[in-house]
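S.K.:
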Amino acid sequence: MPRLEADLASGALTEVLADFRPAPLPLSLLYPSNRQLSARVQVFIDWVTALMKPPLAQQASGRLK
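Quick note: the sequence shown uses full-length UniProt numbering, first residue 1, plus one each step.
#1: According to DSSP, is residue 23 part of a helix, a strand, or is it coil?
#2: Cα separation between residue 67 and residue 28?
#3: Between residue 45 and residue 11, what straight-line distance do the alpha-carbon atoms span, to the nearest angstrom?
#4: Can you name the start and end residues of the alpha helix (DSSP H) that residue 42 belongs to?
#5: If distances are taken between C-alpha atoms only, which option among 26, 8, 38 comes closest to residue 18?
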């Protein structure tokens, strides 16, 4: 996402439908808690968790609805 944000800031990309925000969809990651996770699974969980956190700039500006 950093590349997208940089391209929007530079004007290389233009946001369309700026006022449209789709309804959020729930996402669940299920895995057995009684076993050691493989490194691949842990990396995937960490990646999805980071991806789903909104950027602090958007949180501060109140753009997320």
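For every residue, glycine included, the Cβ atom is placed at its ideal position computed from N, Cα and C.
M.R.: The short version:
#1: Judged by DSSP in its simplified three-state form, residue 23 adopts coil rather than helix or strand.
#2: Shown here, the chain extends from 1 to 65; a query on residue 67 therefore has no answer.
#3: Answer to the nearest angstrom: the Cα atoms are 33 Å apart.
#4: From DSSP, the alpha helix (DSSP H) with residue 42 extends over 39-52.
#5: If we check each option's Cα against that of residue 18, 8 comes out closest.
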